[in-house]
Every structure is written in C-alpha cells, then in structure tokens.
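A.B. asks:
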Amino acid sequence: MIKVVLLGFGNLGYHLAKAFQRSKNVNLIQIYCRSSVSNRSFNFIHDLSKITSADVYIIAISDDEIATFSKQLNFNNKLVVHTSGSVNIDELSSANFRGVFYPLQTFSKDKDVDFKKIPICIEAERSKDLDVLNKLASSIADNVYHLNSEQRKQLHLAAVFINNFVNHLYFIGEEICKQHEIPFEILYPLITETSQKGISLSPFLAQTGPAKRNDLTTIKKQLEMLPLPYQKIYEILTSSLTNTYNNN
Ligand SMILES: NC(=O)c1ccc[n+]([C@@H]2O[C@H](COP(=O)([O-])OP(=O)(O)OC[C@H]3O[C@@H](n4cnc5c(N)ncnc54)[C@H](OP(=O)(O)O)[C@@H]3O)[C@@H](O)[C@H]2O)c1
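Just add 12 to wherever you are in the sequence shown, counting from 1, and you've got the numbering used here.
(1) For threonine 64, which residues in the same chain have their Cβ closer than 8 Å to its Cβ, ignoring the five residues on either side in sequence?
(2) How many Å lie between lysine 224 and valine 144 at the Cα?
(3) What is the residue span of the beta strand (DSSP E) that glutamine 42 lies within?
(4) Roughly how many angstroms separate the alpha carbons of asparagine 88 and threonine 220, rounded to a whole number?
(5) Given this structure, state the Cα-to-Cα distance separating tyrosine 242 from valine 125, to the nearest angstrom.
(6) Under 7 Å: does the beta carbon of glycine 20 sit that close to some heavy atom of ligand 1?
(7) Per DSSP, which one or two residues make a beta bridge with tyrosine 114?
(8) Only counting the same chain, and skipping five residues up and downstream in sequence, which positions put a Cβ closer than 6 Å to that of asparagine 155?
(9) In whole angstroms, what separates the C-alpha of tyrosine 182 from that of lysine 140?
(10) What residue range is occupied by the uninterrupted alpha helix (DSSP H) comprising isoleucine 184?
(11) Alpha carbon to alpha carbon, how far is lysine 15 from phenylalanine 54? Give it in angstroms, no decimals.
(12) Would you mind reading off the limits of the alpha helix (DSSP H) that contains lysine 224?
(13) Taking just the CA atoms, how far does leucine 228 sit from leucine 24?
(14) Give me the Cα-Cα distance between leucine 202 and isoleucine 231, rounded to the nearest whole angstrom.
(15) For glutamate 81 versus isoleucine 70, is the C-beta spacing smaller than 8 Å?
(16) Report, in whole angstroms, the separation of the C-beta atoms of glycine 111 and leucine 167, which I expect to be a contact under 8 Å.
(17) Closest by CA to alanine 149, which one among Val93, Lys121 and Cys189?
(18) Among residues of its own chain, excluding the 5 on either side of isoleucine 101, which ones have a beta-carbon nearer than 6 Å to its beta-carbon?
(19) Excluding the 5 residues preceding and the 5 following asparagine 108 in the sequence, name in chain order all residues of the same chain whose CB lies nearer than 8 Å to its CB.
(20) Is the distance from the Cβ of isoleucine 152 to the Cβ of phenylalanine 127 below 8 Å?
(21) With DSSP as the reference, identify every bridge partner of tyrosine 12, one or two as the case may be.
(22) Who pairs with isoleucine 57 in a beta bridge, going by DSSP?
(23) Between phenylalanine 119 and histidine 27, how many whole angstroms is the CB-CB distance? I'm expecting something under 8 Å.
(24) Can you find the residues in the same chain that come closer than 8 Å, C-beta to C-beta, to serine 105, ignoring five residues on each side of it along the sequence?
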C-alpha cells in the first residue's frame with residue numbers, strides 16, 4: 013500500500029481523493045485543507061503541524077502558491093510532488109525529494125470523471141521516487157507518461173489551446189445562439205463530430221469552413237455580423253487558418 017497525504021481539496025484534490033479511495037493499492041491517510049469542509053468521507057486536517065508520515069505528499073493547490081506552501085511543510089527528505097502542468101519541479105522546496113504528478117484533464121467538483129482514462133504525467137529527481145509515482149499513478153489510471161518539466165510545460169500550453177480556448181469559442185457560439193433565440197443544443201452533434209474527427213483524421217485534415225476554402229465574401233459578411241471583441245478573434249483565427257491552408 014502506498015501511503016498518501018493530499019494537501020489541498022479543490023477541484024483536482026476532490027477527484028484525486030475519490031480515485032485514491034477506490035484503489036486497493038493506496039491508503040489516503042490525510043487530506044489537509046485550509047477551510048472547513050462538510051465532506052465526512054475522508055480524514056481532514058486543517059493544521060500543517062498535524063501531518064503524519066507518508067510515502068508521498070501531493071500538493072494540489074493553486075499554482076502560484078505551490079513554492080511558498082512547500083517551504084511551510086515541517087518535515088524533510090520525504091517525497092513531495094505538485095500536480096501542476098506549468099510549474100517547474102524545482103519550484104518545490106529542496107528540503108524534500110521533489111516530483112510531479114500531473115493528470116491531464118479538466119476537473120470540476122460537480123462533474124464526475126473516469127480516472128482510469130486520464131493520462132498522468134510524472135517526474136521525479138530520483139529514480140526510486142519515479143518508481144513510487146509510477147506505481148501510484150498506475151493504481152488509478154491506465155496511461156502514465158514520464159515527462160520532464162519542459163515537456164510538461166509545452167503539453168500544458170497545447171492543452172490551453174485544445175481545452176480552454178476551444179471551450180471559450182463554444183461560449184461565443186452559445187452567446188450568438190442566445191442573442192438570436194436559437195437553441196444551443198442544435199450544435200451538440202457538431203461539437204461531438206469536430207472533436208472525434210480531429211482525433212480520427214488529425215486536426216490538419218479535419219479542417220473545413222470559409223477560411224480553409226478562402227471564401228472571402230462569406231468571411232467579410234460574417235465579420236460584419238460580429239461585435240468588436242469577437243471580430244478580432246474571428247480575424248486572428250481566420251488569418252491563422254489562411255496562413256496554414258492558403259499560403260501560396
Ligand atoms: N482543475 C483542473 O482541471 C486541473 C487539472 C490538472 C492539474 N491541476 C492543478 O491542480 C492544482 C489545483 O488546482 P485546482 O483546479 O484543484 O484548484 P482549485 O479548485 O482552485 O483549488 C485550489 C485549492 O488550493 C487551496 N489553496 C490555495 N492557496 C493555498 C495556500 N496558500 N495554502 C493552502 N491551501 C491553498 C484552496 O484552498 P481554499 O479553498 O481554502 O481557498 C483550494 O482548496 C493546480 O496546481 C492546478 O494547476 C488542475
């Protein structure tokens with residue numbers, strides 16, 4: 013059994029706790045969080061001095077707080093990891109052995125996830141710690157990747173385009189629908205087909221639309237239909253598409 017202490021109970025902490033609780037190979041002995049919680053399924057502590065001995069300490073708090081928080085831990089020479097896509101491993105305090113345990117998915121407390129299908133990216137300074145993280149990740153997920161901090165940062169950047177920006181474009185589409193009393197659900201099959209086609213064909217081959225076809229009249233008409241902030245987004249994306257497909 014791998015003994016784990018989870019530090020942070022936000023969106024990711026909540027889902028990690030549930031996944032560890034389901035695993036026969038993990039003993040989630042404590043969860044530290046600042047604020048009080050009504051959840052009675054776990055052993056919560058609110059005082060850092062009450063942390064007990066474990067094999068792995070997982071810091072799942074806001075990126076900007078990780079470095080300072082790791083220095084507040086009052087123990088040494090233990091394996092301490094963070095869960096961020098964009099924070100370097102060496103931002104963790106050197107008082108402990110450092111590592112990363114980054115699940116590549118979007119987590120919200122009110123949306124269930126199947127952890128088995130989530131890729132987990134691990135990194136550690138020592139090979140024996142990498143083995144522990146590999147065992148821990150494999151006990152909750154099917155796909156574990158060993159990436160260094162630079163690769164993880166680049167992966168997180170790719171994920172910002174693929175998830176955050178694409179989702180914002182869904183939001184703009186939803187706004188346009190609302191303004192014109194069109195039910196957003198009419199676009200659900202298109203959302204599903206777009207993501208599935210991007211996987212089966214590759215995003216480059218899956219592309220369609222006025223910018224790919226260089227339909228300049230349609231592009232001009234659509235630009236005129238949009239309010240200013242959305243016009244700018246349309247222009248930037250159209251220009252990127254034109255550069256990709258109509259370069260010659
Ligand atoms: N959510 C995702 O989709 C996702 C995916 C992969 C990786 N991650 C990574 O997971 C980490 C946590 O993200 P999240 O989405 O779970 O964040 P979140 O939902 O915003 O929760 C952040 C948690 O950090 C706690 N916290 C913040 N500063 C703290 C401090 N100084 N001391 C103690 N606790 C502190 C907050 O406590 P309070 O409630 O008391 O403020 C809260 O419980 C981040 O590094 C993020 O990059 C997140």
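The beta carbon of each residue, even a glycine, is placed where N, CA and C say it ideally should be. Because the structure is a prediction, the values reported are computed rather than measured.
C.D. replies: On the basis of the supplied data:
(1) Val17, Ile41 and Gln42
(2) 48 Å
(3) 38-44
(4) If I take the Cα positions, the gap works out to 55 Å.
(5) Cα to Cα, tyrosine 242 sits roughly 32 Å from valine 125.
(6) yes
(7) Cys133
(8) Pro131
(9) 44 Å
(10) 178-191
(11) 14 Å
(12) 222-225
(13) 44 Å
(14) 20 Å
(15) Per the sequence shown, residue 81 should be read as phenylalanine rather than glutamate. In this structure, isoleucine 70 does not lie closer than 8 Å to phenylalanine 81 by Cβ.
(16) Rounded, the Cβ-Cβ distance is 17 Å, inconsistent with contact.
(17) Val93
(18) Arg110, Val112, Glu135 and Ser161
(19) The answer, listed in chain order, is Tyr69, Ser82, Leu85, Phe87, Asn88, Asn89, Lys90, Leu91 and Val92.
(20) yes
(21) Any question about residue 12 goes unanswered here, given that the chain covers just 13 to 260.
(22) DSSP lists Tyr44 as partners of isoleucine 57.
(23) 5 Å between Cβ atoms; contact.
(24) Only Ala79, Ser82, Lys83, Leu85 and Val92 meet the Cβ criterion.
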